[in-house]
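Novice: Take 210 as the starting number for the sequence shown in the working numbering and just add one per residue.
Note that the Cβ used here is the ideal one computed from N, Cα and C, for glycine as well.
Please read these numbers as outputs of a predicted model, since none were measured by experiment.
The structure that follows is given in the form of structure tokens.
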Amino acid sequence: MRRNVDIAISGGGLTGCLAALVLQRKFPSAEIVLLDQQQGPAKQDPRGLALALRTQQVLAEHGVWQGELLQSPAIQHIHVSDANSPGTTTMHASQENLPALGYVAMAGALQQELSKRCTEATFAHLEGVQITTINAEDTALRLGLNNGEQIATKLLIVAEGSNSPTRTKLGIAMQQEAYPQVAVAAKVRFAKQHHNWAFERFTAEGPAALLPQGKHEAALVWCMHQENAQQLQAANAADQVRAVQNIFGAAPGRIAEVEYQATFPLQLAMAERFIGYRAVVLGNACHTLHPVAGQGYNLGVRDILDLATNITASDFGGIEGLNRYQALRKRDYAEIVGLTHGLVAVFSNQEPLWRNIRSKGLYALRACSVLKKPLMRKAMGFRSLW
210 MRRNVDIAIS
220 GGGLTGCLAA
230 LVLQRKFPSA
240 EIVLLDQQQG
250 PAKQDPRGLA
260 LALRTQQVLA
270 EHGVWQGELL
280 QSPAIQHIHV
290 SDANSPGTTT
300 MHASQENLPA
310 LGYVAMAGAL
320 QQELSKRCTE
330 ATFAHLEGVQ
340 ITTINAEDTA
350 LRLGLNNGEQ
360 IATKLLIVAE
370 GSNSPTRTKL
380 GIAMQQEAYP
390 QVAVAAKVRF
400 AKQHHNWAFE
410 RFTAEGPAAL
420 LPQGKHEAAL
430 VWCMHQENAQ
440 QLQAANAADQ
450 VRAVQNIFGA
460 APGRIAEVEY
470 QATFPLQLAM
480 AERFIGYRAV
490 VLGNACHTLH
500 PVAGQGYNLG
510 VRDILDLATN
520 ITASDFGGIE
530 GLNRYQALRK
540 RDYAEIVGLT
550 HGLVAVFSNQ
560 EPLWRNIRSK
570 GLYALRACSV
580 LKKPLMRKAM
590 GFRSLW
């Protein structure tokens, strides 16, 4: 059986599902098929995701911000500090006349709502299928599936995640650079309410962040060397609390409890190319970032928005639209990779000159909203810096 479609999206995760919903709204007459490798209820993902304000707005616009997501804590204040210099700065949603700088959503809850919306949508949603072959035709790509079906699509969108097999079939390699640290994930409980504050603390080994969850809880992501992560994991409960309190100091208030969850490696990975003949890779299939500044999923959402803006219904996989998309994404990738990679490098440098520069820089941001505003706008996922 051969099915002819305008757009085929491979990957039914957070990025693939949202791409299907965004493109259906932008092109209501398009024939879209979502190829989901998973079957049945979505697996529960325990991660807490930092969503930029623009990302939350996109989810709300497409009817996804429902159910458990409505209880997602808003980030109304951010406190940024350096463990090795006295400078600090703060950011507040009220400075932008906004209800929040971002939100912290549980990945499992987000996947549940995205999958629900996709089930209700008019496009085809095939579960338990994988692309086994890809062949180029004059005006389409012919996809062979593991169920024996064939699909001819004008545009193939690959959103399968960082270990994408379809990206490999397209001959797209990844440039990868491992960081010398790992990230420790844990849940933290405060003695008092956090009042929607998030905390970013830069240390000699890497950044540590506390993202609000519930009224007294926060998600901890702490980057450190592997041996120190092992020691922290093996420590007793009191020593784990003491270690987290020592790294953040007094700013977040007293920490009452720490529940270790997992340790995972860190890397910077970028696809050597992210468009091809009638194909595009996006989300984690295209890029993996350091978790500092929490830009990972938000960057994938901007992939989707730029793609929807630049392809056309006259030829969804036309090279002109894909080239426009590529130019925009290259610029955004360069800015975000420069921000995340640069923050890690600058704040881990312990030379006295750099400590002094960091201290003065944080004080300058605290004192001058004109300097701070572009950084806030970028962190919130907006294109305009003013």
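Check whether the region 273 to 292 touches the region 235 to 248, taking contact to mean three or more Cβ pairs, one atom from each stretch, closer than 8 Å.
Specialist: They do not touch, by the three-pair rule.
Novice: Going by DSSP, what residues sit across from glycine 257 in a beta bridge?
Specialist: Its beta-bridge partners are Met315.
Novice: For a minimum of 3 consecutive residues, which ranges assigned as the beta strand (DSSP E) are wholly contained in the region 369 to 395?
Specialist: none
Novice: For serine 373, is the classification buried or exposed, using 16 other Cβ atoms within 10 angstroms of its Cβ as the cut-off for buried?
Specialist: buried
Novice: Rounded to whole angstroms, what is the Cα-Cα separation between alanine 471 and alanine 478?
Specialist: 21 Å
Novice: Can you check which of these residues, Asp541, Asn437, Gly485 and Arg533, is closest to alanine 349 by C-alpha distance?
Specialist: Selected option, being the one with the closest Cα: Gly485.
Novice: Under the rule that 16 or more other beta-carbon atoms within 10 Å means buried, what is lysine 401, buried or exposed?
Specialist: exposed
Novice: Say whether the region 426 to 434 touches the region 405 to 415, bearing in mind that this needs 3 or more beta-carbon pairs closer than 8 Å, one atom from each stretch.
Specialist: yes
Novice: Are there three or more Cβ pairs, one per stretch, closer than 8 Å when the region 350 to 368 is compared with the region 299 to 319?
Specialist: no
Novice: Here's a check: name, in chain order, each residue in its chain whose Cβ is nearer than 6 Å to the Cβ of arginine 211, leaving out the five neighbours to either side.
Specialist: Gln359
Novice: Would you give the residue range spanned by the alpha helix (DSSP H) that isoleucine 513 belongs to?
Specialist: 505 to 519
Novice: Confirm, please, whether the CB-CB distance from alanine 407 to proline 421 is below 9 Å.
Specialist: yes
Novice: If you reduce the DSSP assignment to three classes, tell me which class glutamate 346 lands in.
Specialist: coil
Novice: Within this structure, are the beta carbons of alanine 480 and cysteine 495 separated by less than 9 Å?
Specialist: A contact, by the Cβ cut-off of 9 Å.
Novice: My understanding is that glutamine 454 touches glutamate 336, with C-beta atoms under 8 Å, so please give their C-beta distance in whole angstroms.
Specialist: Contact between glutamine 454 and glutamate 336 fails: their C-beta atoms lie close to 46 Å from each other, not under 8 Å.
Novice: Extract the residue ranges of the alpha helix (DSSP H) inside the region 429 to 506, only unbroken runs of 4 or more that lie entirely within it.
Specialist: Counting only unbroken stretches of 4 or more residues, the alpha helix (DSSP H) elements lying wholly within the region 429 to 506 are 435 to 443 and 446 to 457, in sequence order.
Novice: Hey, how far is the Cα of glutamate 329 from the Cα of leucine 514?
Specialist: 21 Å
Novice: Note down the Cα distance separating alanine 465 from glutamine 439, rounded to an integer number of angstroms.
Specialist: 21 Å
Novice: In whole angstroms, what separates the C-alpha of lysine 325 from that of leucine 475?
Specialist: Going from the Cα of lysine 325 to the Cα of leucine 475 covers about 32 Å.
Novice: Taking the C-alpha atoms as reference points, what is the distance between glutamine 390 and glutamate 529?
Specialist: 41 Å
Novice: For leucine 420, list the residues DSSP reports as bridge partners.
Specialist: Ala428
Novice: Please state the DSSP three-state secondary structure of alanine 576.
Specialist: Its pLDDT being 45, under 50, alanine 576 is placed unreliably by the model, and nothing is read from it.
Novice: Within a Cβ cutoff of 7 Å, which residues of the same chain sit near arginine 398, ignoring the five residues on either side of it in sequence?
Specialist: His425, Glu426, Ala465 and Glu466
Novice: By the 10 Å Cβ neighbour count, where 16 or more other Cβ atoms means buried, how is lysine 539 classified, buried or exposed?
Specialist: exposed
Novice: Between tyrosine 506 and leucine 223, is the Cβ-Cβ spacing less than 9 Å?
Specialist: The answer is yes: Cβ separation under 9 Å.
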